[in-house]
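> The structure is given below, and queries will be raised subsequently.
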Amino acid sequence: MNCLIYLRVSTKEQAEKGHGEEGYSIPAQREACIKYAKEKGWHIVDEYTDRGESARSADRPQLQEMLSRVKKDSTIDTVLVHKIDRLARNMEDHVAIKAILKRHDVSLVSVVENIEDSASGRLVEGIHALMAEFYSVNLGMEAKKGMIQKAKQGDWPQKAPVGYLNSKEVVHGRVISSIIVDPVRGPIMTEVFKRYATGDYSLTELHAFTTQAGLTTIPTRVYEERPISRSTLAVQLQNNFYTGYFTWKDVTYKGNHEPLIDQPTFDRVQDIIRMNRVGIKNRKYPHYLKGSVHCAECGARMSIDKAKNHFYFYCLGRKQKPKCTMPYISVANVEKAVEDFYRGISLKPQWIDKIVRSFKKEMLDRLI
Numbered sequence: 020m021n022c023l024i025y026l027r028v029s030t031k032e033q034a035e036k037g038h039g040e041e042g043y044s045i046p047a048q049r050e051a052c053i054k055y056a057k058e059k060g061w062h063i064v065d066e067y068t069d070r071g072e073s074a075r076s077a078d079r080p081q082l083q084e085m086l087s088r089v090k091k092d093s094t095i096d097t098v099l100v101h102k103i104d105r106l107a108r109n110m111e112d113h114v115a116i117k118a119i120l121k122r123h124d125v126s127l128v129s130v131v132e133n134i135e136d137s138a139s140g141r142l143v144e145g146i147h148a149l150m151a152e153f154y155s156v157n158l159g160m161e162a163k164k165g166m167i168q169k170a171k172q173g174d175w176p177q178k179a180p181v182g183y184l185n186s187k188e189v190v191h192g193r194v195i196s197s198i199i200v201d202p203v204r205g206p207i208m209t210e211v212f213k214r215y216a217t218g219d220y221s222l223t224e225l226h227a228f229t230t231q232a233g234l235t236t237i238p239t240r241v242y243e244e245r246p247i248s249r250s251t252l253a254v255q256l257q258n259n260f261y262t263g264y265f266t267w268k269d270v271t272y273k274g275n276h277e278p279l280i281d282q283p284t285f286d287r288v289q290d291i292i293r294m295n296r297v298g299i300k301n302r303k304y305p306h307y308l309k310g311s312v313h314c315a316e317c318g319a320r321m322s323i324d325k326a327k328n329h330f331y332f333y334c335l336g337r338k339q340k341p342k343c344t345m346p347y348i349s350v351a352n353v354e355k356a357v358e359d360f361y362r363g364i365s366l367k368p369q370w371i372d373k374i375v376r377s378f379k380k381e382m383l384d385r386l387i
């Protein structure tokens, strides 16, 4: 009996716990699966491991690779998992994965549940799959409930924005999480708001200032420390967190963290952002032909743009792949082409006569 082993942990933290490279859970799952396979006398052909991948989605790289192997390798008889919930945590994905395995005459075996390949065994397997889905959904709901409660108590539930740090301290045996001011980045963000509030600095100039001042992101396991991008800076300028408040799920709460700016400064910054947005992004150019003209090359709709005080029609297919090569056409040329097209259209005399009679009748009916 040839089998494949599938192992999984849900979070990166689980995969990095302990001194080993795989944490605790994956080696434990592997050991249990190998022991089970040896007891059955099965031959382990290969192992697939998803580290830090949620079972709520079937789009896990190692799972997909394993299913691809099952489809191609007719010598595989069994997929061995530690528990059913390692494979999927929603019934839809579980059924889809089982269908693929069944189509290729491959059985699914769980070390812990020890499910038989029978009608009653499939019933028990379905119950375990439903229980896994219930656990996953319930866990998510409880997590959301906990974050809302945390917000109500004035604590930001997620990673602190630029200028603050997430802090943890043990008080009377309890781990207390809080948000504190970053001694390096905090003062820079305060200066950013003050400068922008004067109206004398553009976003590009502010970004140059933050880069020169050394404003960087906080390094993580995944990303190295790097300068704050211009787009991130623009987002932070609209974040009321810096006033001592924060918005969570469309509700604004008074935070326990220290504000970096006062409310009038923040309000002034928002006014300037709105004025700049109106000045920069007002790019809607109305025209009676807009929406009715299509490209002769690719058939895509043509839109209108302005350059050097002249209006042009351009093909929206220029933004797609493969890119349309239709050049920009002046509005005057498009209007003339449309006029010439309609000049070449003529109706049959009997149609004209019918339209005129119908029109006259309609007018008489309205007068009566």
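This note's numbering runs 19 ahead of the 1-based position in the sequence shown.
Ideal Cβ placement from N, Cα and C applies to all residues, glycine included.
Every value quoted in this text rests on a predicted model; they were computed, and no experiment measured them.
Considering only the alpha carbon of each residue, which of Leu23, Phe212 and Phe332 lies closest to lysine 355?
When only C-alpha atoms are compared, the closest one is Phe332.
> How long is the line joining the alpha carbons of histidine 38 and alanine 47, rounded to whole angstroms?
Caution is warranted here: a pLDDT of 41 is assigned to histidine 38, below 50, making its placement in the model unreliable, and the coordinate value is therefore given only provisionally. The straight-line gap from Cα to Cα measures roughly 14 angstroms.
> Is the separation between the beta-carbon of leucine 234 and that of tyrosine 261 shorter than 7 angstroms?
Not closer than 7 angstroms, so no.
> By Cβ distance below 8 angstroms, which residues in the same chain neighbour arginine 245 in space, the five residues on each side in sequence not counted?
Excluding positions up to five away in sequence, the list reads Thr235 and Thr236.
> Measuring CB atoms only, is the segment 208 to 219 touching the segment 184 to 197, in the sense that at least three cross pairs come out at less than 8 angstroms?
The segment 208 to 219 is not in contact with the segment 184 to 197.
> In chain order, what residues of the same chain lie with their CB nearer than 8 angstroms to the CB of isoleucine 95, ignoring the 5 residues before and after it?
These residues qualify, in order along the chain: Asn21, Cys22, Leu23, Val64, Arg88, Val89, His123 and Val125.
> What span of residues does the beta strand (DSSP E) with isoleucine 198 cover, start to end?
That run of the beta strand (DSSP E) goes 193 to 200.
> Once the 5 residues before and after threonine 344 are set aside, which same chain residues still bring their CB inside 7 angstroms of it?
Excluding positions up to five away in sequence, the list reads Glu316.
> What are the start and end residues of the alpha helix (DSSP H) that includes isoleucine 53?
Taken as a continuous stretch (DSSP letters only), the alpha helix (DSSP H) holding isoleucine 53 covers 44 to 59.
> In whole angstroms, what separates the C-alpha of lysine 163 from that of alanine 115?
Whole-angstrom Cα-Cα distance: 28 angstroms.
> Taking DSSP as the reference, what is the three-state secondary structure of methionine 20?
Methionine 20 falls in the coil class under three-state DSSP.
> Is there a Cβ of chain C sitting closer than 7 angstroms to that of glutamine 177, yes or no?
This model lacks chain C altogether, as it is built from one protein chain only.
> Near asparagine 352, what residues of its chain come up, given a Cβ to Cβ distance below 6 angstroms and the 5 sequence neighbours on each side ignored?
Cβ neighbours of asparagine 352 beyond the five flanking positions: none.
> Could you tell me which residues DSSP puts in a beta bridge with phenylalanine 265?
Answer by DSSP bridge pairing, in chain order: Tyr272.
> Pull up the distance between the alpha-carbon of leucine 225 and that of glycine 363, whole angstroms please.
If I take the Cα positions, the gap works out to 58 angstroms.
> From what residue to what residue does the alpha helix (DSSP H) around asparagine 352 run?
Here the alpha helix (DSSP H) through asparagine 352 covers 350 to 362.
> For lysine 268, collect the residues of the same chain with a Cβ closer than 8 angstroms to its Cβ; drop the 5 residues on either side in sequence, then sort them by chain order.
Here the set comprises Ile167 and Ala170.
> What is the rounded straight-line gap between the Cα of serine 93 and the Cα of cysteine 52?
Using only the alpha carbons, I get a separation of about 22 angstroms.
> If you draw a straight line from the alpha carbon of leucine 383 to that of proline 368, how long is it in whole angstroms?
Each residue's alpha carbon lies about 23 angstroms from the other.
> Could you tell me which residues DSSP pairs with proline 246 in its beta bridges?
Proline 246 is bridged to Thr235.
> Please go through the same chain and pick out, in chain order, the residues whose beta-carbon is closer than 7 angstroms to the beta-carbon of tyrosine 258, but skip the five residues on each side of it.
According to the sequence as given, residue 258 is asparagine; it is not tyrosine. For asparagine 258, where only same-chain residues beyond five positions count, the Cβ hits under 7 angstroms are Pro180.
> My assumption, with CB atoms under 8 angstroms, is that glycine 192 sits in contact with lysine 273. Please give the rounded CB distance.
Their Cβ separation, rounded to whole angstroms, is 28 angstroms, which puts glycine 192 and lysine 273 out of contact at 8 angstroms.
> I'd like to confirm the pairing. Which residues does DSSP put opposite tyrosine 67 in its beta bridges?
Tyrosine 67 pairs with Tyr25.
> Where glutamine 33 and threonine 239 are concerned, what is the direct C-alpha to C-alpha distance, given to the nearest angstrom?
A caution first: glutamine 33 carries a pLDDT of 45, below 50, which makes its placement in the model unreliable, though a value can still be read off. Straight-line Cα distance between these residues: approximately 16 angstroms.
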